[in-house]
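Chemist:
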Amino acid sequence: MTHSPRARRALAPAAAALLCGTLAACGADDSGAAGPGKPSAASAPAVQPTAPTAPATPAAGSPAPTLPPGPGGAAPVFSHGKRDGGKRVALTFDADMTADQDERAARGERFDNPRLIATLRRLKVPATVFMTGKWAEQYPDQARSIGGDPLFEVANHSYAHHAFSTPCYKLPTVPLKGARADVERAFDAFRRAGVKNTVPYFRFPGGCHDDAVLRAIGPTKATAVQWDVVSGDAFAKRAAPVAEAVLSQVKPGSVVVMHCTRSAAPVTEEAIRRIVPELRARGYEFVRVSDLIAGR
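Residue numbers for the sequence shown follow the numbering used here, beginning at 1316 and rising by one.
Structure follows, in structure tokens:
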């Protein structure tokens, strides 16, 4: 599934431009509302929580599924699963941290979100966490815990959240010749932290990519994973608009982009406590990205 460079960049709404210098692929304005062109965030009806379903677990030792490479060995692009494959939805969480945030972390700013992970566990929600190598280095115990939990899988979000094509929200840029090395450096960081359940998926910071960089990272054998539902949780002040944005956009096979970064997405955990029971009441099953790719 490939698109023109202009179409790919359109996957991250323009309203994110002011936000994405530190946390891209967010697609929301400062209020946490859905970005321009997104459905209106009409309140979903209140529902009673239902019993969580047991997550699907891959067979021990089985490799995560990937898509076949594109022309010239380019990395393939995945944005959502089958629309007619049942009510399945994948929640994904970007664990962002950039190279210039080490000092802020040392001063006490938190780029993790243990409460969010605890809530996903309590509600038995499978999820895919797209982690930067810097995040794994800053929070190795949490990275190892997430990667050792069968509910979750850990995917690659670059080493330090730099852009892989331009323009991309004024993010620093990875040179084209360094793109493959950056992806591999993040996977190396996961190995050093002891993260076990890693999958060969890569999410471009800001979602920004073009044909040249897809070819450049092709040798990593990673599938590039985008999304079709923007939660707007980045820098949101209230959980309700985030929940409403997700609930108004989800379709069978959707991939939802959210964040696991407490300082920059402080209301995500609260939003999840509404999103999960409401989607379950609508008949949705939560799965990982690997489950959606396997079902194509």
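By construction, the Cβ of each residue, glycine as well, lies at the ideal position given by its N, Cα and C atoms.
Since we're looking at a predicted model, the values are computed, not measured.
I need the straight-line Cα distance from P1360 to T1583, nearest angstrom please.
Modeler: Your numbering for residue 1360 matches position 45 in the sequence shown. Your numbering for residue 1583 matches position 268 in the sequence shown. Its pLDDT being 36, under 50, P1360 is placed unreliably in this model, and the value from its coordinates should be taken loosely. Roughly 20 angstroms separates the two Cα atoms.
Chemist: In or out: L1607 buried (at least 16 other Cβ within 10 Å) or exposed?
Modeler: As a working note, residue 1607 is residue 292 in the sequence shown. Under this definition L1607 is a buried residue.
Chemist: Using a Cβ-Cβ cutoff of less than 8 angstroms, which residues in the same chain neighbour T1538 once the five nearest sequence positions on both sides are dropped?
Modeler: Reading the sequence shown from its first residue, position 223 is the one you call residue 1538. Same-chain partners within the cutoff: T1381, L1382, A1390, P1391, V1392, F1393, P1515, Y1516, F1517 and I1608.
Chemist: Can at least three beta-carbon pairs, one atom from the segment 1572-1580 and one from the segment 1596-1606, be found at a separation below 8 angstroms?
Modeler: No, because fewer than three Cβ pairs between the segment 1572-1580 and the segment 1596-1606 fall closer than 8 angstroms, the two stretches do not touch.
Chemist: Please identify the residue among P1465, I1461, F1519 and R1611 whose C-alpha is closest to the C-alpha of S1569.
Modeler: Numbered from 1 along the sequence shown, position 254 holds the residue referred to as residue 1569. When only C-alpha atoms are compared, the closest one is R1611.
Chemist: Quick one: is A1580 buried, meaning 16 or more other Cβ sit within 10 Å of its Cβ, or exposed?
Modeler: For this step, residue 1580 is matched to residue 265 along the sequence shown. Looking at its Cβ environment, which holds 16 or more other Cβ atoms inside 10 Å, A1580 is buried.
Chemist: Exposed or buried, what is E1468 when buried is set at 16 or more other beta-carbons lying within 10 Å of its beta-carbon?
Modeler: For the purposes of this step, residue 1468 is identified with residue 153 of the sequence shown, where counting begins at 1. The residue in question, E1468, is buried, as its Cβ has 16 or more Cβ neighbours within 10 Å.
Chemist: Who does H1574 pair with in a DSSP beta bridge?
Modeler: Within the sequence shown, residue 1574 is the residue found at index 259, counting from 1. DSSP, once it has assigned bridges, lists D1409 as partnering H1574.
Chemist: If you draw a straight line from the C-alpha of Q1457 to the C-alpha of A1549, how long is it?
Modeler: Numbered from its first residue, the sequence shown carries residue 1457 at position 142. Numbered from its first residue, the sequence shown carries residue 1549 at position 234. The straight-line gap from Cα to Cα measures roughly 21 angstroms.
Chemist: Once the 5 residues before and after P1364 are set aside, which same chain residues still bring their CB inside 6 angstroms of it?
Modeler: As a working note, residue 1364 is residue 49 in the sequence shown. Note that P1364 has pLDDT 39, beneath the 50 cutoff, so the model's placement of it is unreliable and the number below is only indicative. Same-chain partners within the cutoff: P1592.
Chemist: Going by DSSP, what residues sit across from R1403 in a beta bridge?
Modeler: Taking the first residue of the sequence shown as position 1, residue 1403 is located at position 88. Answer is E1600.
Chemist: On the DSSP bridge assignment, give the partners of F1445 in chain order.
Modeler: By 1-based counting over the sequence shown, the position of residue 1445 is 130. Partner(s): D1409 and A1470.
Chemist: Count the other CB atoms, across all protein chains shown, that sit within 10 Å of the CB of P1378; report buried if there are 16 or more and exposed otherwise.
Modeler: Here the question's residue 1378 lines up with position 63 in the sequence shown. P1378 is exposed by the Cβ-count criterion.
Chemist: What is the DSSP secondary structure of V1528, counted as helix, strand or coil?
Modeler: As a first step, residue 1528 is located in the sequence shown; it is residue number 213 there, counting from the start. The answer is helix: DSSP assigns V1528 an H, G or I state.
Chemist: Taking C-beta to C-beta, are S1473 and D1503 nearer than 8 angstroms?
Modeler: Against the sequence shown, residue 1473 aligns to sequence position 158. Against the sequence shown, residue 1503 aligns to sequence position 188. Cβ distance not < 8 angstroms, so S1473 and D1503 don't count as in contact.
Chemist: How many whole angstroms separate the CB atoms of A1475 and G1448, which I take to be in contact at a CB cut-off of 8 angstroms?
Modeler: Sequence index remark: in the sequence shown, residue 1475 carries index 160 (1-based). Sequence index remark: in the sequence shown, residue 1448 carries index 133 (1-based). The pair is a contact, with the Cβ atoms about 7 angstroms apart (cut-off 8 angstroms).
Chemist: Who pairs with Y1516 in a beta bridge, going by DSSP?
Modeler: Sequence index remark: in the sequence shown, residue 1516 carries index 201 (1-based). T1538.
Chemist: Looking at the structure shown, is V1557 part of a helix, part of a strand, or coil, going by DSSP?
Modeler: Here residue 1557 refers to the residue found at position 242 when the sequence shown is read from its first residue. DSSP places V1557 in helix when its eight states are reduced to three.
Chemist: Using the beta-carbon count (16 or more within 10 Å), is P1441 buried or exposed?
Modeler: As a working mapping, residue 1441 is identified with position 126 in the sequence shown. Answer is buried; the Cβ neighbour count reaches 16.
Chemist: Quick check on the burial criterion: 16 or more other C-beta atoms within 10 angstroms. Buried or exposed for L1405?
Modeler: Residue 1405 sits at position 90 when you count from the first residue of the sequence shown. Reading the sequence as shown, one finds Ala at residue 1405 and not Leu. Buried is the call here.
Chemist: Buried or exposed: D1415, going by 16 or more other Cβ atoms within 10 Å of its Cβ?
Modeler: As a working note, residue 1415 is residue 100 in the sequence shown. Classification of D1415: exposed, given that the 10 Å Cβ count is below 16.
Chemist: Could you give the DSSP three-state label for V1591: helix, strand or coil?
Modeler: As a first step, residue 1591 must be located in the sequence shown, where it is residue number 276. In the structure shown, V1591 sits in a helix (DSSP, three-state: H, G or I).
Chemist: Note down the Cα distance separating R1562 from L1466, rounded to an integer number of angstroms.
Modeler: In the sequence shown, counting from the first residue as 1, residue 1562 sits at position 247. In the sequence shown, counting from the first residue as 1, residue 1466 sits at position 151. The sequence given here places Leu at residue 1562; Arg does not occur at that position. Taking the straight line from one Cα to the other gives about 22 angstroms.
Chemist: In three-state terms, what does DSSP make of F1393?
Modeler: Indexing the sequence shown from 1 puts residue 1393 at position 78. Note: F1393 maps to strand in three-state DSSP.
Chemist: May I have the straight-line CA-CA distance separating F1443 from N1471, to the nearest angstrom?
Modeler: On the sequence shown, residue 1443 is found 128 positions in, with the first residue counted as 1. On the sequence shown, residue 1471 is found 156 positions in, with the first residue counted as 1. A quick correction: the sequence has Thr, not Phe, at residue 1443. Approximately 10 angstroms between the Cα atoms of the pair.
Chemist: Excluding the 5 residues flanking H1524 on each side, which residues of the same chain have their C-beta closer than 7 angstroms to its C-beta?
Modeler: Within the sequence shown, numbered from 1, the residue matching residue 1524 stands at position 209. Contacts found: R1323, F1479, S1480 and A1539.
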